[in-house]
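K.L.:
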Amino acid sequence: MDAHVVNWVTLNRRPFLVVAALIYLGILGWGLLWGPQHLRITPRNRRGTPLQMLAAVGVQVGLLAVWLLMSGGIIWGNYWLDQRATLLTIRWVTAGSLLLILLGFTVASLLGSTTLAWSWVGQPKLAASIKKDNHYRWWTLSLGVVWLVVSGAVVMQTMTSPRLGATTLISHRGVDHHRGVQNTLGALRAVHAEHPQYVEMDLHETQDHQWVVLHDESLQALTGRDVRPAQRPLRALVGLPLHEQGQTGRLVSWQRYLKVAEDLHQPLLVELKTTPQDSPGMAARFARQYGKRLRRDGSAVHSLDYRVVATLRQRCPQLRTGYITPFNWVDPRSVPADFYSFQRLSVSDQFILAAHQQHATAYLWTPDQPLAMTTLWALGADGQITNELAELRRVVRQRPQQAYWAILWNFTLSYI
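With the first letter of the sequence shown counted as 1, position 238 gets the number 238 in UniProt numbering; the numbers rise by one all the way through.
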């Protein structure tokens with residue numbers, strides 16, 4: 001897909017997602033409930049009613065709910081075992097559990113699909129019995145063998161994919177567990193003591209074409225004033241008091257923040273934010289002023305705006321530059337980058353594998369609970385951007401076999 005299209009969808013993601021969801025749900029709802037009445041594929045006098053189709057959908061949902069409950073029980077049992085058994089035992093039990101979860105999904109899908117098809121044609125009366133001759137038995141046996149072969153390949157691929165490896169620890173907005181106000185020097189100094197590989201922070205361009213360290217497009221949340229960096233020169237913004245979680249800090253310029261990070265020998269992961277008010281050539285100017293310096297510091301830059309990514313890669317190819325995806329829907333080959341910052345809720349191991357095939361690393365944002373951290377670790381992520389740095393360090397320091405249950409968790413979610 002063309003990078004310009006991807007970028008437009010990303011920058012306009014909220015209205016795009018709302019419209020796309022409404023269209024999808026409208027078509028799906030009409031097709032399921034009224035499709036039998038209007039589509040020509042339905043035989044005459046065999047047209048299911050909306051009520052029959054609604055009941056069939058309810059059966060499908062119920063079957064999937066039962067499968068999810070069964071899978072949850074299997075995952076819990078594996079979690080208990082992972083804390084106690086040997087690695088060999090854990091691997092065999094995990095493989096068997098994957099097969100069992102896949103079997104449950106297959107049965108639920110077949111029964112649900114059969115119910116939908118039966119309701120589509122008006123829920124006719126079925127034959128009392130089916131003659132089970134040798135031909136029937138051979139077909140059943142053949143399908144069973146095919147299922148075992150395919151399922152075995154799926155389980156083997158799941159078990160052999162790289163997972164639970166070394167993880168890059170990245171502090172989101174330069175904080176850990178609400179210690180300090182986000183994107184301030186006090187928070188930077190505090191989190192540096194925990195030795196993250198990167199401190200992720202955010203930049204907005206000011207009215208006089210400088211940069212200030214700030215996440216939101218407005219200062220409303222931190223100062224109570226609805227002021228945007230693009231509306232004020234740097235000197236009017238620097239030093240403004242910020243308040244968050246009962247703590248105070250000061251708004252700081254990019255120059256000052258970078259100097260302190262360099263004094264601490266702390267690499268940064270800079271998010272270069274864009275707005276319609278940015279000056280022409282903003283990304284090129286940033287690359288010219290800071291590209292070589294950031295590369296020398298071992299820092300990196302990423303952005304939601306692919307135009308920024310493309311400009312930085314062109315102007316400063318030695319600087320590690322990444323693309324942030326607020327939702328994951330496109331092949332990374334469409335938007336080349338040195339790394340990708342994938343949004344965690346819609347990511348899968350397929351996106352991570354696709355990034356690795358482009359020789360790019362995959363960072364995931366923003367897990368703040370041990371469950372999320374462990375499941376992303378089990379997906380094979382190269383790094384995690386978190387507000388809970390100490391907790392993430394604890395999670396990835398456990399023995400990998402203690403987290404094999406998370407492979408089952410991810411496997412189950414991939415079928416929803």
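Backbone N, C-alpha and C fix where the C-beta goes; we use that ideal spot for every residue, glycine too.
1. Does the segment 133 to 151 come within contact of the segment 349 to 360, defined as at least 3 CB pairs closer than 8 angstroms?
2. Please tell me whether T311 and A283 are closer than 8 angstroms, where the distance is taken between their beta carbons.
3. Assuming V213 contacts L222 under a Cβ cut-off of 8 angstroms, what Cβ separation, rounded to an integer in Å, is found between them?
4. For W211, does the three-state DSSP call read helix, strand or coil?
5. Quick one: what does DSSP say Y404 is sitting in, helix, strand or coil?
6. Give the C-beta separation of D208 and P233 to the nearest angstrom, bearing in mind that I take them to be a contact with Cβ-Cβ under 8 angstroms.
7. Please report the residue range of the beta strand (DSSP E) in which Q384 lies.
8. Sort N45, W34, G62, L169 by Cα distance to M53 and report the nearest one.
9. Around the C-beta of Q401, are 16 or more other C-beta atoms found within 10 angstroms, so that it is buried, or is it exposed?
10. Report the residue ranges of all alpha helix (DSSP H) runs contained in full by the segment 274 to 300; include only those spanning at least 4 residues, in chain order.
11. Nearest by alpha-carbon distance to T89: which of A56, N12, Y404 is it?
12. State the CB to CB distance for the pair V115 and A56, rounded to an integer number of angstroms; the pair is presumed to be in contact (CB under 8 angstroms).
13. Rounded to a whole number of angstroms, what is the C-alpha to C-alpha distance between M70 and F327?
14. Can you tell me whether F16 is helix, strand or coil according to DSSP?
15. Please say whether T386 and H172 have beta carbons closer to each other than 8 angstroms?
16. Spatial neighbours of Y415 within its chain, please: C-beta separation below 6 angstroms, excluding the five flanking residues on both sides.
17. If you reduce the DSSP assignment to three classes, tell me which class L392 lands in.
18. For I407, which option in L392, L379, E388 has the closest C-alpha, if you only look at C-alpha atoms?
19. Can you list, in chain order, the residues of its chain with a C-beta nearer than 7 angstroms to that of Q220? Leave out the 5 residues immediately preceding and following it.
20. Are the CB atoms of T366 and W409 nearer to each other than 8 angstroms?
21. For a minimum of 4 consecutive residues, which ranges assigned as the alpha helix (DSSP H) are wholly contained in the segment 195 to 255?
22. Let me know if V107 comes out buried or exposed under the rule of 16 or more other beta-carbons within 10 Å of its beta-carbon.
23. By the three-class DSSP mapping on this structure, what secondary structure does I416 have?
24. Candidates R47, R315, E391: which alpha carbon is nearest A372's?
25. Just how far apart, CA to CA, sit G180 and E262?
26. Would a C-beta distance cut-off of 8 angstroms place S341 and Y306 closer than the cut-off?
27. Measuring CB atoms only, is the segment 180 to 198 touching the segment 261 to 275, in the sense that at least three cross pairs come out at less than 8 angstroms?
28. Tell me whether the beta-carbon of S253 lies closer than 8 angstroms to the beta-carbon of V238.
29. Given A287, which residues of its chain have a CB within under 7 angstroms of its CB, disregarding the five upstream and five downstream residues?
30. Do you know whose CA, among P276, V309, T274, lies nearest G291's CA?
31. Suppose the cutoff is 7 angstroms on Cβ atoms and the five residues either side in sequence are ignored; what does the same chain contact list for P196 look like?
32. What does the Cβ neighbour count give for I101, buried or exposed, with the cut at 16 atoms within 10 Å?
33. In the DSSP assignment, find the beta strand (DSSP E) that holds F339 and state where it starts and stops.
34. How is G322 classed by DSSP in three states: helix, strand or coil?
35. In three-state terms, what does DSSP make of H302?
P.N.:
Per the coordinate set shown:
1. no
2. What you label residue 311 is simply residue 311 of the sequence shown in a count that begins at 1. What you label residue 283 is simply residue 283 of the sequence shown in a count that begins at 1. Yes, the pair counts as a contact, with Cβ atoms nearer than the cut-off.
3. Along the sequence shown, read from residue 1 onward, the residue named residue 213 stands at position 213. Along the sequence shown, read from residue 1 onward, the residue named residue 222 stands at position 222. Wrong, their Cβ atoms sit about 11 angstroms apart, outside the cutoff.
4. As a first step, residue 211 must be located in the sequence shown, where it is residue number 211. Strand.
5. The residue given as residue 404 occupies position 404 in the sequence shown. For Y404, the secondary structure class from DSSP, reduced to helix, strand or coil, is coil.
6. In the sequence shown, counting from the first residue as 1, residue 208 sits at position 208. In the sequence shown, counting from the first residue as 1, residue 233 sits at position 233. At roughly 4 angstroms, the Cβ-Cβ gap stays under 8 angstroms, so D208 and P233 are in contact.
7. By 1-based counting over the sequence shown, the position of residue 384 is 384. Its beta strand (DSSP E) spans residues 383 to 386.
8. As a first step, residue 53 is located in the sequence shown; it is residue number 53 there, counting from the start. Of the candidates N45, W34, G62, L169, the one whose C-alpha sits nearest the C-alpha of M53 is W34.
9. One-based indexing of the sequence shown puts residue 401 at position 401. Q401 should be labelled buried.
10. 282 to 297
11. In the sequence shown, counting from the first residue as 1, residue 89 sits at position 89. Of A56, N12, Y404, the smallest CA-CA separation from T89 is found for Y404.
12. Stepping through the sequence shown from its first residue, residue 115 is reached at position 115. Stepping through the sequence shown from its first residue, residue 56 is reached at position 56. According to the sequence displayed, residue 115 carries Thr and not Val. Confirmed, Cβ separation roughly 5 angstroms.
13. Position 70 of the sequence shown, counted from the start, is the residue given in the question as residue 70. Position 327 of the sequence shown, counted from the start, is the residue given in the question as residue 327. Their backbone Cα atoms lie some 29 angstroms apart in a straight line.
14. For the purposes of this step, residue 16 is taken as the residue at position 16 of the sequence shown. Helix, per DSSP.
15. In the sequence shown, counting from the first residue as 1, residue 172 sits at position 172. In the sequence shown, counting from the first residue as 1, residue 386 sits at position 386. Yes, the pair counts as a contact, with Cβ atoms nearer than the cut-off.
16. Your numbering for residue 415 matches position 415 in the sequence shown. Around Y415: F105.
17. As a working note, residue 392 is residue 392 in the sequence shown. Here L392 sits in helix by DSSP.
18. Walking along the sequence shown from the start, residue 407 turns up at place 407. Minimum Cα distance to I407 is reached at L379.
19. Stepping through the sequence shown from its first residue, residue 220 is reached at position 220. Only D226 meet the Cβ criterion.
20. The residue given as residue 366 occupies position 366 in the sequence shown. The residue given as residue 409 occupies position 409 in the sequence shown. Not in contact: T366 and W409 (Cβ atoms no closer than 8 angstroms).
21. 220 to 223, 234 to 237
22. The residue labelled residue 107 in the question sits at position 107 within the sequence shown. With fewer than 16 other Cβ atoms within 10 Å, it is exposed.
23. Residue 416 sits at position 416 when you count from the first residue of the sequence shown. DSSP places I416 in coil when its eight states are reduced to three.
24. Here residue 372 is taken as the residue at index 372 of the sequence shown, counted from 1. Minimum Cα distance to A372 is reached at E391.
25. Numbered from its first residue, the sequence shown carries residue 180 at position 180. Numbered from its first residue, the sequence shown carries residue 262 at position 262. Computed Cα separation, rounded: 20 angstroms.
26. On the sequence shown, position 341 is the one that residue 341 refers to. On the sequence shown, position 306 is the one that residue 306 refers to. No, Cβ-Cβ distance for S341 and Y306 is not below 8 angstroms.
27. Using a C-beta cut-off of 8 angstroms, the segment 180 to 198 makes contact with the segment 261 to 275, since at least three inter-stretch Cβ pairs fall below that distance.
28. The count along the sequence shown starts at 1 and reaches residue 253 at position 253. The count along the sequence shown starts at 1 and reaches residue 238 at position 238. It is a contact, given that the beta carbons lie within the stated cut-off.
29. On the sequence shown, residue 287 is found 287 positions in, with the first residue counted as 1. T311, L312, R315, C316, listed in sequence order.
30. By 1-based counting over the sequence shown, the position of residue 291 is 291. Of the listed residues, the one whose Cα sits closest to G291 is V309.
31. By 1-based counting over the sequence shown, the position of residue 196 is 196. Excluding positions up to five away in sequence, the list reads L169, I170, S171, L389.
32. As a first step, residue 101 is located in the sequence shown; it is residue number 101 there, counting from the start. The residue is buried, with at least 16 neighbouring Cβ atoms inside 10 Å.
33. Position 339 of the sequence shown holds residue 339. Here the beta strand (DSSP E) through F339 covers 339 to 343.
34. Counting from 1 along the sequence shown, the entry for residue 322 is found at position 322. The answer is strand: DSSP assigns G322 an E or B state.
35. Mapped onto the sequence shown, residue 302 falls at position 302. H302 falls in the strand class under three-state DSSP.
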